[in-house]
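Here's the structure, in structure tokens; my notes come after.
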């Protein structure tokens, strides 16, 4: 083994450039793969782990106590592995004082303790409610310091319909079964409006549909209309994974592209090393190395730099993934584990070197088969085939000879040319995909900006940064804005969280009046129509996807204490700025609104000076805070940034592949280059010859890579959008025009030229005297 | 004997100096491969350089061909100071004024014999058709017209060297440099190449031949320069055998 190691070490020293290229390729590819895998793991594993640990409910169901009794619910166990309940349930709007944590409707459940067969709560602070007047609130665990500094510590109590409940503890339900828990006795006193059952099912529960099917099995024997609503665990899981889900499809694509490029370049580098090392192989065999030892030398030669690259790449990927994971899963309470898991580290550290090893096996086996004599005399046999005919045809063209010679080189080693072109093709695919992604986001932003007016205005809240509040009523503010010169259209919105029967999370409804529909929101309708009656609403794609709703569905809300059934008549692209998921509803007056709850959007007449208009608003009423719309969304910045960085990384890897090919070609053709220089080929002609061949490959790679990039874009972008609960109109996916396509072909040429330039320049400076005088 | 009319039509030996080396020194690390060599070669002369291995023969040839630069001293060829030229200048100079033949021919394997020869003219900007026409004339003159479409690997050693000579003569060089031109040939092919060099010199082609082969030197050269330890040990006029 020591002889193998010594020979491999010598080979590594002799082929510094190839070693460097293999290491760098492994590093870049490993980093990309680690980031992608870490996100993939983060998207599912922490939630699933926590849900399993807590025996979280597969479905949280609310039943109407007027239609079904607790005994009936307890008896219904078809397909149920374990159940908890019946628990009394009530939804209420907390009175002031509970701060930002409990804004909107709160679901309280009467439950005797945190344990049980289902939904074993993590009581992480304080104790369980043991007497009337006590409540335990649901929140992800916090350490002592964060708890003291955060908003939870400022909620000593909450008031529900006139009853003050003292917060005695904090617990966390991974499945989000309630916002708070009281004793069953206290719940009785609160007059429950629903009965909660928590189910864990046997059999398949992997999809929403599967859970729904199981639930149907349970409720089949119950009275009709008993089930008010049910929430499968996937709703909470998808919300938790929403952030990373957006990034995953395109990161996965980059990861796969990186892996393929790595395989191709490694195959190219290793086969090049074997071919250019024929004489070396012959010498090793002549010295007494067995075929296996020769293969071992070549495998060691590539595995060592690949392993070093993989170690550094894994560390780099970990560093890159960590902030993304922390950002996505911060404070969600799923074990607070935002590190890159061990299996991803193992995949990076072992997987990539193994991949390199397997890729290297094919060309290395050629070294195994060659006899010593064949290896030593390799290259002396006459060449045959298309390459010679092409070279002859090119020699007769009007092209400068350095150009035609360069083009002819492509046909001398077809396998090397094919591998190099494949890496260029994938490089262009990556660039095409990344530019398409970025363009789609820009178009989406433009579409986004088409609605919502030029200026947004909100009255300052009493605790706002300026301390100045407006004394005007909502109607007076509208009148003021309508009276300002330049105002063309005004939309007014009031956003309120509203309880929806059957949904544990409230829905933010935008009650609108004025010109909201005409300000671009109606133009963004993807399906259905705008509202025409008080019981109609339009929902954003995000809301529909998130809540599993469709246009035409009816939902029951609690509006001002009255159950109201509304129909969803349209799906639109974009919500109003502000919190919530986006439901547009006809205007309603509410008694309890503050001036700062109203939101105004103004479309300006053409030619109006935006800055002057905003100054005029501030001058007319310092309590109004205007701002112009625009800017770039965070998602756009992140996705564009990520895709640009990864595209540059992979284009660099592709360029490294070209560099390696040209370096091998120069090594193979040292004697030819020396001869050409001896008969008067200038350094510039040498560079032209070597760069031309790669530039031609760049054109071919560009032309072939673009369709792949376009296909990846058409497949992946809708997947990402789906993860973000956004439906993309087709117009934002049609991003390429002929000029862009031509530029993309040029990107292939650029990658090729950049990769070829360095070894070509070194070839131009080649000292030819020794090459020519010695065989 | 082939008249070689298309090769060049220059007067016989004149007093015009084609090569002048003046105090040329070349060091590789601490070793001096050439140590103060001064030499003149006149137009139409055929000079052979001989000496034991490592004496500096090839280094001297590299200096004259502009393939390497002296550590000290001046190298003037065809009136141009090569030691002052940059790489591009040297390449252009070689293209127009020098022809070189090597022991191992140095033909491009993936070009036919004809295209190997035409290449030298195409690099100067000649059209492919014009270059091939000129190459064909040389093939005829050198007696290898029937091998024009053959690739180097299928040519005999003598044929390869003739192709190499044709390539060297393509741009009508002022000086033909030959580095062990018969070193890789059997005796019959060697004789043919020697005859060719004699013919070329007889029509006025200036030759500088580096060789170990005394027979080649005595048959082809009119002057012998013997090197030892990087210095000129002896110069002598030769009567061609």
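Residue numbers (the numbering used here), protein chains in the order written: chain A, 1100 to 1874; chain B, 306 to 546.
Even glycine gets a Cβ: it sits at the ideal position worked out from N, Cα and C.
Everything numeric in this text was worked out from a predicted model, so none of it was measured.
Do you know whose CA, among 364/B, 332/B and 409/B, lies nearest residue 376/B's CA?
-> Taking the first residue of the second chain as position 1, residue 376/B is located at position 71. Comparing Cα-Cα distances from residue 376/B to each of 364/B, 332/B and 409/B, the minimum goes to 332/B.
6 Å Cβ shell around residue 1716/A - same chain, five flanking residues per side excluded = Mapped onto the first chain, residue 1716/A falls at position 617. The residues are 1723 and 1725.
What's the gap between the Cα of residue 427/B and the Cα of residue 452/B?
-> Here residue 427/B is taken as the residue at index 122 of the second chain, counted from 1. Here residue 452/B is taken as the residue at index 147 of the second chain, counted from 1. Straight-line Cα distance between these residues: approximately 20 Å.
How would you list, in chain order, the residues of chain A whose beta-carbon sits under 8 Å from the beta-carbon of residue 373/B?
-> Locating residue 373/B in the second chain gives position 68, where the first residue counts as 1. Here the neighbours are 1866 and 1868.
Report buried or exposed for residue 491/B, applying the criterion of at least 16 other Cβ atoms within 10 angstroms of its Cβ.
-> As a working note, residue 491/B is residue 186 in the second chain. Classification for residue 491/B: exposed.
Does the Cβ of residue 1553/A have 16 or more other Cβ atoms within 10 Å, making it buried, or fewer, making it exposed?
-> If you number the first chain from 1, residue 1553/A lands on position 454. Residue 1553/A should be labelled buried.
If you follow the beta strand (DSSP E) that residue 1697/A is part of, which residue opens it and which one closes it?
-> Along the first chain, one-based indexing puts residue 1697/A at 598. From DSSP, the beta strand (DSSP E) with residue 1697/A extends over 1697–1703.
Helix, strand or coil at residue 383/B according to DSSP, with G and I counted as helix | Position 78 of the second chain, counted from the first residue, corresponds to residue 383/B. If DSSP states are grouped into helix, strand and coil, residue 383/B belongs with coil.
Report all residues from its chain with a CB closer than 6 Å to the CB of residue 1556/A; omit the five preceding and five following residues, and keep chain order.
-> Along the first chain, read from residue 1 onward, the residue named residue 1556/A stands at position 457. Around residue 1556/A: 1699, 1723 and 1725.
Going by beta carbon distance, what residues of the same chain come within less than 6 Å of residue 387/B, once the five residues before and after it are set aside?
-> To locate residue 387/B, count along the second chain from 1; it is residue 82. If we look at residue 387/B and ignore the five residues flanking it on each side, its Cβ neighbours are 371 and 380.
If I'm right that residue 352/B touches residue 530/B with Cβ under 8 Å, what's the distance once you round it to whole angstroms?
-> Counted from its first residue, the second chain places residue 352/B at position 47. Counted from its first residue, the second chain places residue 530/B at position 225. Right, the Cβ-Cβ distance comes to about 6 Å (below 8 Å), so this counts as a contact.
When the cut-off is 8 Å and only beta carbons count, does residue 424/B lie next to chain A?
-> For this step, residue 424/B is matched to residue 119 along the second chain. Judged by the 8 Å Cβ criterion, residue 424/B is in contact with chain A.
Going by C-alpha distance, which of 1448/A, 1281/A, 1392/A and 1559/A is nearest residue 1205/A?
-> Walking along the first chain from the start, residue 1205/A turns up at place 106. For the residues 1448/A, 1281/A, 1392/A and 1559/A, the minimum Cα distance to residue 1205/A belongs to 1281/A.
The stretch 1384–1396 of chain A touching the stretch 1159–1178 of chain A, judged by at least three CB pairs closer than 8 Å = no
Going along the stretch 378–398 of chain B in order, which residues come within less than 7 Å of chain A, judged by CB to CB distance?
-> 392, 393, 396 and 397
Can you list the residues of chain A that residue 541/B reaches, using a CB-CB cut of under 7 Å?
-> Working through the second chain from its first residue, we reach residue 541/B at position 236. What residue 541/B touches in chain A: nothing, since even the nearest Cβ is about 25 Å away.
Segment contact, 8 Å Cβ cut-off, at least three pairs: the stretch 1124–1132 of chain A with the stretch 1410–1422 of chain A | yes
Is the shortest distance between the beta-carbon of residue 466/B and the beta-carbons of chain A less than 8 Å?
-> Your numbering for residue 466/B matches position 161 in the second chain. Chain A contact via Cβ: absent.
Give the interface partners of residue 427/B over in chain A, defined as CB-CB distance under 7 Å, in chain order.
-> If you number the second chain from 1, residue 427/B lands on position 122. Correct list: 1500.
Contact test: residue 543/B Cβ vs the ligand HEM heavy atom, cutoff 7 Å | For the ligand HEM, the structure offers nothing, since it holds no ligand at all.
Consult DSSP for residue 1190/A and reduce its assignment to one of helix, strand or coil.
-> What you label residue 1190/A is simply residue 91 of the first chain in a count that begins at 1. Residue state, collapsed to three classes: strand.
CA-CA distance, residue 1502/A and residue 1807/A?
-> Position 403 of the first chain holds residue 1502/A. Position 708 of the first chain holds residue 1807/A. Distance between the alpha carbons of residue 1502/A and residue 1807/A: 29 Å.
Per-residue DSSP class, three states only, for residue 1208/A = As a position in the first chain, residue 1208/A is number 109, starting the count at 1. In this structure, residue 1208/A counts as strand in the three-state DSSP scheme.
Going by C-alpha distance, which of 1592/A, 1628/A, 1608/A and 1588/A is nearest residue 1614/A?
-> Along the first chain, read from residue 1 onward, the residue named residue 1614/A stands at position 515. Comparing Cα-Cα distances from residue 1614/A to each of 1592/A, 1628/A, 1608/A and 1588/A, the minimum goes to 1588/A.
What does a CB cutoff of less than 8 Å around residue 1719/A pick up in its chain, not counting 5 residues either side in sequence?
-> Along the first chain, read from residue 1 onward, the residue named residue 1719/A stands at position 620. So the qualifying residues of the chain are 1579 and 1583.
Report yes or no: do the stretch 1437–1451 of chain A and the stretch 1154–1161 of chain A share at least 3 C-beta pairs separated by less than 8 Å?
-> no
Endpoints, beta strand (DSSP E) assigned at residue 1594/A = Counting from one through the first chain, the residue named residue 1594/A turns up at place 495. Segment 1586–1599, the beta strand (DSSP E) holding residue 1594/A.
Compare the C-beta of residue 330/B with all C-beta atoms of chain A and state if any pair is closer than 8 Å.
-> Numbered from 1 along the second chain, position 25 holds the residue referred to as residue 330/B. Taking Cβ atoms only, chain A never reaches closer than 8 Å to residue 330/B, which makes this a no.
Mind reading off the beta-carbon distance from residue 1685/A to residue 1633/A? Whole number of angstroms is fine, and I expect it under 8 Å.
-> Here residue 1685/A refers to the residue found at position 586 when the first chain is read from its first residue. Here residue 1633/A refers to the residue found at position 534 when the first chain is read from its first residue. Yes, residue 1685/A and residue 1633/A are in contact; Cβ-Cβ is about 5 Å, under 8 Å.
Taking all protein chains shown into account, do 16 or more other C-beta atoms lie within 10 angstroms of the C-beta of residue 1361/A, making it buried, or fewer, making it exposed?
-> Indexing the first chain from 1 puts residue 1361/A at position 262. Answer is buried; the Cβ neighbour count reaches 16.
Distance between residue 459/B and residue 500/B (C-alpha atoms, nearest Å) = Indexing the second chain from 1 puts residue 500/B at position 195. Indexing the second chain from 1 puts residue 459/B at position 154. About 23 Å.
In whole angstroms, what separates the C-alpha of residue 1745/A from that of residue 1353/A?
-> The residue labelled residue 1745/A in the question sits at position 646 within the first chain. The residue labelled residue 1353/A in the question sits at position 254 within the first chain. Roughly 7 Å between the two C-alpha positions.
Other residues of its chain near residue 1621/A: CB distance less than 7 Å, five sequence neighbours each side excluded | Here residue 1621/A corresponds to residue number 522 of the first chain, with the count starting at 1. Only 1629 meet the Cβ criterion.
Backbone secondary structure at residue 1198/A - three-state DSSP = What you label residue 1198/A is simply residue 99 of the first chain in a count that begins at 1. Bear in mind that the predicted position of residue 1198/A carries a pLDDT of just 41, short of 50, making it too unreliable to give a figure here.
Reduced DSSP category for residue 1653/A - H, G, I as helix; E, B as strand; rest coil | To locate residue 1653/A, count along the first chain from 1; it is residue 554. Of the three classes helix, strand and coil, the one that applies to residue 1653/A here is strand, per DSSP.
Closer than 8 Å to chain B by CB, residue 1487/A = Counted from its first residue, the first chain places residue 1487/A at position 388. Output row for residue 1487/A: interface = yes.
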